[in-house]
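Note sheet for the following structure.
Residue numbers (my numbering), protein chains in the order written: chain U, 28 to 792; chain Z, 1290 to 1579; chain D, 83 to 242.
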């Protein structure tokens, strides 16, 4: 299909970029409301402690302090950062709500215990020091294996052996008979892996501004990516109908999944309600690291059985998810490892389980990839182990077992499109797979190449509700307002949606004004997660544009005296395909529609309330070329290639940006980002960029992004999701490359030089 | 957000004498401000809570790099960046150039002073390690007359120096390199913008194929930067054959007293001392001979 | 310590405001002068988001006591464009897609300006070195470095 798009597929610059380069863009911390107070939170210094008494009196007496709150000043309603005790899944699965707004008992170092609102930062800071909390320290447990043992400290009374929940895969991934399958396999590989906590490291600290108006309506300015579900959760927590709450999204300085949840917003709202004034609550970077959430860590065992020709025949995953003191998003993060892992390759016999275990550490969340990077770390290494045992090239083993269009996806629906084989072949060619693989040189510095693959999702239907709305109205000058609320943590989604609307309506991208960021104004959108925005909100925009176009053509047909069926629109002109001289500008149509004085006025518009019934999973192949210094164990990534099948790339510049950023994040996950908790105190030692190292300019390798660019039948103009795929398979590709270089395999990330050197020494001993 | 600092009284003396008098008056309740990179960060974390801050930024004549027969000298306000960019440092004091050059952040190097870095007294200081290897001396100004001490006598422990509360480091002096001297600096880091896990600096002089003088400085493997004196003894007077170099590297590894922390482990640090010292000796020898 | 009235020169304008010595420059810019383009992130000197230029040199405003910046020429991101005419660096960042969430952008652009004022013809490696003190989580730095090189070329040609 030869496509000739006007704006889709073009490297369009972003309309919000000008505000960002001039400093005009207002992020939540930049907001100033009249009479605004400054909020600060007091966090528990202990990993597990009873809160016996809180003496607020000294803090309250400090001039300039307007409120000091503890749990008694808040609605004692349990809530969940995942918003998941309110059904969001067709299966009806729920996640326990296990947190109060301020703690009833301290369950991790960082647990919010009290909060203040004062006239300025200096006073709020002083007030914190004046709050006296009497703790009774309790024995604590930082490790899920210890936490599961009988006699371990009880973190939540309802969780026996600290197991929050036992999760099994969705029915479509419990297939065949795994025991029989392993017995029938010629090669069986079983290996255990550990993936630790990765911090989102978004540059903007988590900040909220909340206010209450004279009609008791709450306004919450928040970077939360899921504004509408968040509003519902706030309504539940504060016993207010959702119509009494407005969630406004200012510019957001990155999220990477940590802002799927809200963190300090409920505390901020509580302070605003208590003082009846606007309150700004900004976290420090240290609070981001310890009191919001991280990527959820897991221990898991993978077992894969193969026939000797390389066909995958049996596959199990057993995960122990290392939750923090509250679930955060750990339940879904754990359960979904089974979906990503078991659902990626074709296999007739699959099963697994996941135990989510409470411990006294900071919370696990839904960082970019939401379980997929975590599980593919192990799946893709196991594939390489198997390939070696089978005597099959790892690339061939992937090609043999990956799924194709029409087969059942990881979400249980037919795969609408998959070009993973193209990704693998093109990436392999570019990295020089055949030339470099297995050619381990002797010498102190050795090179290797490795690969990984993955399948993700474009939205999470049918595992989660998938619903987005879009409204388009034409202005009299032929420009449009496009009202959507996908949330934008910086992913260029507004530009992508503008391209979709502009393409369908035959107008310019610059004619699209995005109206967004308020739950009062916008219709429902689930928000920005599961790489859904281009695919689901994009389809809503496309349908809304189609409706608006139909109205446009109906009016134009009357004005031109032709049938609407013969009309097309391009370059802001509607014309008859039969008689192209019969044309009229979009602007004229829109102007006339409103200002026609014959009593037939119409503001041309289109609306879509879209529910996704498909799932077009994006796929990606990753190739790493590394250099391992056998004297120091250091792994240097020389080149990284990401070959991605995200359907039709609406904006190739955006797709590249997602993949390039994903490489930075994935290399950090795999090599340098180590979240260290002091075993004696439960205190997080790596609590800022000084101690927790993500890559800077000098650490990045040469990168290349290959966009396969073949359209999907169900995506808007053929597009699929791309936000998360950019990150998923980076770390295992590197681990596999290290094995190619020096023959050692590190199963717990990050792959620190200390581990590589120890493994090299053990190997040569 | 970033926590506001706790209020303090602030002074901007215009002479060293005035500064020293203020420091004498306020003693341990006062801190000296130069670049502020370390001081302000620690004040934010409440690791320091000075009631008085004495800025030396208004004292003229402290920002210089001079090189003559007496050696290389730089002052209390000489920035790390200016040392990095100095042609004479790059040419004749390679290890100091390398140490400053490998600090990643331009902003930190532009604001931060080398003397300030020395006074923080982190055992991982790249600059201190390089100056150990160069045999640097520090001129200390106090209420009595100036005293000059070897940099090796400056450090007592982690973040601890011999500076009394009413003293300031006024100048760093590095002796002129002898002919046929070469040096090399190596460090290992988690990412480019990180404090060293281990650093090793070697400065040596080779005459008639014999190692005449050698200094080996190790950072981040003891409570202060240390000289690997046993390793130096093994090299001195030798012809620097690979076997001797390896033996010296082993000795250096044994002299190190590393710990495990969030950056690295005891075993790894010790092993890396051996590797880095060998690398540094080999490179220093090549440079000395050229 | 008592407040004292101090003069600041920010983006070519003069301000005289009461401050206390413990206030950092970033707090004065954002809270007292309402110039919020300069961002706060780590507060520890590691991320560079708070970078401003003081007398043309890149400084971390979160670690600079405001009083030490008095009467010196401070340039924040708001001072780069001339009216609605964006600086070549700003234009280049936009054209290259070098901005995603935008939070690191002000600091990144000012560090770039400091580089190009000192070295109008940097290599790719020199650009990376000049930006090594500015962290970004969104872009992987690839398009940022591309944008800087393009801006350098345009500025050398005297264009915009």
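All C-beta atoms in this analysis are idealised placements derived from N, C-alpha and C, irrespective of residue type, glycine included.
Here the structure is a predicted model, which means the values were calculated and not measured.
query, result
"Under 7 Å by beta carbon: chain D residues contacting residue 1344/Z", "150"
"Per-residue DSSP class, three states only, for residue 28/U", "Low confidence applies to residue 28/U: its pLDDT is 45, below 50, so where it sits in the model is not reliable enough to give any reading."
"Interface flag, residue 202/D vs chain Z, CB-CB below 8 Å", "no"
"Rounded distance between the beta-carbons of residue 392/U and residue 284/U, thought under 8 Å", "6 Å"
"Run of the alpha helix (DSSP H) containing residue 388/U, from where it starts to where it stops", "Neither: residue 388/U is in no alpha helix (DSSP H) and is coded neither H nor E."
"Below-8 Å beta-carbon distance, residue 707/U vs any chain Z residue", "no"
"Enclosing alpha helix (DSSP H) for residue 1331/Z [first to last residue]", "1326 to 1333"
"Limits of the beta strand (DSSP E) - the one that residue 1344/Z falls within", "1341 to 1344"
"Start-to-end residues for the beta strand (DSSP E) that takes in residue 141/U", "139 to 145"
"Nonlocal neighbours in the same chain, by C-beta distance under 6 Å from residue 1419/Z, ignoring five residues either side", "1384, 1385, 1388, 1474 and 1490"
"Beta-carbon proximity check, residue 771/U vs residue 758/U, cutoff 8 Å", "no"
"Rounded C-alpha distance that separates residue 28/U from residue 217/U", "Residue confidence for residue 28/U is low, a pLDDT of 45 falling below 50, so the modelled location carries little weight; the figure read from the coordinates is stated next. Whole-angstrom Cα-Cα distance: 45 Å."
"Helix, strand or coil at residue 598/U according to DSSP, with G and I counted as helix", "coil"
"For residue 226/U and residue 303/U, believed in contact at Cβ under 8 Å, the rounded distance", "The pair is not a contact, with the Cβ atoms about 36 Å apart (cut-off 8 Å)."
"Residue 241/U, enclosing alpha helix (DSSP H) - first and last residue", "Unbroken run through residue 241/U: none, as it is neither H nor E."
"Residue 512/U beta carbon near the ligand NAP (any heavy atom closer than 7 Å)", "Annotation note on the ligand NAP: not contained in the displayed structure, which lists no ligands."
"Cβ-Cβ distance between residue 714/U and residue 316/U below 8 Å", "yes"
"Buried or exposed (CB count within 10 angstroms, at least 16 for buried), residue 684/U", "buried"
"Contact set for residue 619/U: own chain, Cβ-Cβ below 8 Å, skip 5 residues either direction", "582 and 586"
"Residue from 77/U, 49/U and 211/U with nearest C-alpha to residue 167/D", "49/U"
"Cβ pair count under 8 Å reaching 3, the region 401 to 417 of chain U against the region 448 to 460 of chain U", "no"
"Start and end residues, beta strand (DSSP E) containing residue 76/U", "76 to 82"
"Inter-residue spacing [alpha-carbon to alpha-carbon] between residue 437/U and residue 196/U", "11 Å"
"Chain D within 8 Å of residue 702/U, Cβ atoms only", "no"
"Helix, strand or coil at residue 501/U [DSSP, three-state]", "strand"
"Contact set between the region 210 to 238 of chain U and chain D, restricted to residues whose Cβ is under 7 Å from the partner", "228, 229, 230, 231 and 232"
"Residue 1408/Z - partner residues in DSSP beta bridges", "In the DSSP output, where bridge partners are listed per residue, residue 1408/Z has none listed."
"Best match in 180/U, 333/U, 314/U and 511/U for proximity to residue 211/U [C-alpha to C-alpha]", "333/U"
"Own chain partners of residue 1304/Z with C-beta closer than 8 Å, once the 5 adjacent residues on each side are dropped", "1348"
"Cβ of residue 214/D within 8 Å of any chain Z Cβ", "yes"
"Helix, strand or coil at residue 160/U [DSSP, three-state]", "strand"
"Delimiting residues of the beta strand (DSSP E) encompassing residue 1459/Z", "1457 to 1463"
"Straight-line Cα distance separating residue 746/U from residue 446/U", "13 Å"
"Continuous beta strand (DSSP E) stretch holding residue 1446/Z: start and end", "1444 to 1446"
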